[in-house]
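Residue numbers (full-length UniProt numbering): 1 to 473.
Note that beta-carbon positions come from the ideal geometry of N, C-alpha and C, so glycine has one too.
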Amino acid sequence: MITVVWFRHDLRVQDQPLLHKAAELGAPVLPLYVLPEHWTQPGPEGMDRLGPAKAAFLQESLADLETSLSSLGLPLVMVVACPRTFLIRWHESTPMQVVTAEADAPEEEDVIQALRSEGVVVSEVASRTLLSSSSLPWPDRFPSTFSRFRKQVEREGGPAVMRPPGTPAELTPAEVPALTNERPSVQALLTARRGRWQRVPEDYFSLPGGETAARQWLDQYLFEDRFIAHYKHTRNQLIGTGYSSRLSAALAWGCLSVRHVWHAILEYEQAFGADQHSYWLRFELLWREFFHWSLREHGAHVFRYAGLGLFAKAPASPPTHQPALWSAWCEARTGLPFIDANLKELMATGYLSNRGRQNLASFLIHDLGLDWRLGARWFEHHLVDHDVASNWGNWAYIAGVGHDAQGGRRFSPTRQWWRHDPEGRYLRYWLPALRDLSREQCLALHFAAGADARPDDYPVPIVALPDADREVT
């Protein structure tokens with residue numbers, strides 16, 4: 001009997017409860033990463049789950065994990081396969097028990113239940129959330145809104161977040177069984193998926209993947225540069241250095257645990273004092289927590305067009321697909337400069353600011369009239385920090401079919417750009433064709449539907465914005 005530590009979205013060695021659980025079980029240990037083969041296959045929307053920047057970040061994270069495990073004397077087995085089929089067949093030839101993180105999404109839960117039905121003993125370990133599933137603060141039903149969730153979680157000085165475990169005890173490596181040579185190499189597949197994509201230091205998001213880089217950045221962000229000291233005021237900024245935490249990708253892939261980040265913020269507050277900025281970063285971690293528990297509560301309903309059905313009834317069927325509008329979106333040629341700039345940043349870097357995400361979601365849903373799930377899948381393909389709970393939860397929220405009691409949110413792309421990019425630096429960086437235009441001229445392009453003259457063949461808007469959006473002051 002061996003213990004297979006099955007890594008999924010917890011690609012780290014320090015603060016790693018999976019390794020601690022494996023040490024408790026006492027059997028020889030073999031770390032495993034399975035890249036689900038369906039991630040590279042287009043879904044019904046025509047998109048797969050592994051865009052170039054995302055593949056690069058995952059490749060770097062796995063390389064760092066492999067190095068860290070090697071320092072503990074543990075080899076990392078990496079395969080491209082269907083996790084369910086691979087682990088069941090492996091168990092048939094090599095009796096094993098599996099240690100893995102608690103399921104985040106229904107498809108992960110299905111795999112774990114399938115393994116158990118085939119006689120595989122699976123130990124699920126909490127490694128993705130602040131709260132423990134054994135001590136949730138809501139008495140019966142999951143809160144319908146974030147404000148209710150936050151009040152219950154913060155009651156009596158909470159939340160009570162367990163301290164991350166220390167370095168795991170010495171582990172005995174298991175012998176690596178023979179695997180078929182027919183399977184593609186994970187690293188080779190990720191190299192092919194990233195293609196010619198390269199990280200550009202001048203772009204906002206330039207952090208490499210992996211636990212080592214993530215821990216270095218967390219220390220720099222909190223204690224060296226102390227960027228957190230202005231977090232609440234700058235988190236909606238669009239361009240620059242240190243305006244937001246840039247921790248989302250490390251959290252999404254588990255290069256850092258959310259509990260480690262939480263306690264690091266508390267250490268910052270002890271050293272420099274707590275204020276609205278340090279609280280607001282923890283506040284944002286609570287939003288992440290809210291969506292994670294919502295996905296566990298509502299399951300596959302999160303992915304329905306009608307959403308959760310908590311407040312308002314959505315139409316029974318999604319809107320008619322409009323290929324021309326969708327193509328313009330995919331090519332970042334909507335003709336609305338603020339929207340196109342955000343689309344270009346996302347495709348070039350695999351990252352987007354909080355403000356950019358909200359505006360793209362609002363525009364696709366409320367101005368283009370497209371199925372909100374198309375946007376969620378588009379983000380899932382491109383984002384290096386894609387987190388299934390946060391991404392789908394936020395898109396449903398903007399669409400009005402999630403946890404928003406107001407029934408959806410529309411943001412004016414003109415007012416949002418005018419407010420959050422006052423000097424036009426963001427627009428000119430991502431849209432070189434507009435660099436010679438004044439701020440007022442760039443603003444006018446948002447309302448140029450039907451016009452003929454455009455700079456450098458910049459497209460006319462594919463939709464006309466309402467006249468109310470002209471008021472930007």
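{"Asked": "Proximal residues to Ala27 (C-beta, below 6 Å), its chain only, five neighbours per side dropped", "Found": "Met1, Ile2 and Thr3"}
{"Asked": "Proximity winner among His301, Gly350, Pro413 and Pro168, relative to Leu72 (alpha-carbon distances)", "Found": "Pro168"}
{"Asked": "Every unbroken alpha helix (DSSP H) inside the stretch 132 to 174 [4 residues or more]", "Found": "146 to 153"}
{"Asked": "Rounded Cβ spacing between Leu238 and Tyr426 (contact assumed at less than 8 Å)", "Found": "4 Å"}
{"Asked": "Contact belief for Arg235 with Asn354 at Cβ below 8 Å, rounded distance in angstroms", "Found": "6 Å"}
{"Asked": "Local Cβ density within 10 Å of Gly424, reported as buried at 16 or more and exposed below that", "Found": "buried"}
{"Asked": "First and last residue of the uninterrupted alpha helix (DSSP H) at Ile88", "Found": "Pro83 to Ser93"}
{"Asked": "Contact between the stretch 249 to 269 and the stretch 8 to 27 (3+ Cβ pairs under 8 Å)", "Found": "yes"}
{"Asked": "Strand pairing of Pro36, partner residues [DSSP]", "Found": "Ala81"}
{"Asked": "Residues near Arg373 by beta carbon distance below 8 Å, same chain, minus five either side", "Found": "Glu45, Phe303, Tyr305, Pro318 and Trp395"}
{"Asked": "Reduced DSSP secondary structure (H/G/I, E/B, other) of Thr191", "Found": "helix"}
{"Asked": "Minimum length 4: unbroken alpha helix (DSSP H) runs contained in the stretch 253 to 282", "Found": "258 to 272"}
{"Asked": "Terminal residues of the alpha helix (DSSP H) in which Met347 lies", "Found": "Pro337 to Thr349"}
{"Asked": "Neighbour-count burial assignment, Val176, 16 or more Cβ in a 10 Å radius", "Found": "exposed"}
{"Asked": "At least 3 beta-carbon pairs within less than 8 Å: the stretch 136 to 145 vs the stretch 104 to 119", "Found": "no"}
{"Asked": "Ala229 to Pro31 span [Cα, whole Å]", "Found": "39 Å"}
{"Asked": "Ser362 in three-state terms, based on DSSP", "Found": "helix"}
{"Asked": "Whether Ala63 touches Gly195 by CB criterion (8 Å)", "Found": "no"}
{"Asked": "First and last residue of the uninterrupted alpha helix (DSSP H) at Phe57", "Found": "Pro52 to Ser71"}
{"Asked": "Span separating the alpha-carbon of Lys337 from that of Ala464", "Found": "Lys is not the amino acid found at residue 337; the sequence shown has Pro there. Roughly 13 Å separates the two Cα atoms."}
{"Asked": "Segment limits, beta strand (DSSP E) that includes Ala101", "Found": "Met96 to Ala101"}
{"Asked": "Contact between the stretch 370 to 389 and the stretch 89 to 100 (3+ Cβ pairs under 8 Å)", "Found": "no"}
{"Asked": "Ser123, enclosing beta strand (DSSP E) - first and last residue", "Found": "Val121 to Val125"}
{"Asked": "Pro164, buried or exposed, once every other Cβ within 10 Å from all chains shown has been counted against 16", "Found": "buried"}
{"Asked": "Under 8 Å between C-beta atoms of Asp469 and Thr414", "Found": "yes"}
{"Asked": "Which residues DSSP lists as bridging Val29, in chain order", "Found": "Thr3 and Pro173"}
{"Asked": "Counted within 10 angstroms of its Cβ, other Cβ atoms place Gln406 as buried (16 or more) or exposed", "Found": "exposed"}
{"Asked": "Exposed unless 16 or more other CB atoms sit within 10 angstroms - verdict on Ala324", "Found": "exposed"}
{"Asked": "Own chain residues within Cβ distance below 7 Å of Ala105, not counting five before or after", "Found": "Leu295 and Val388"}
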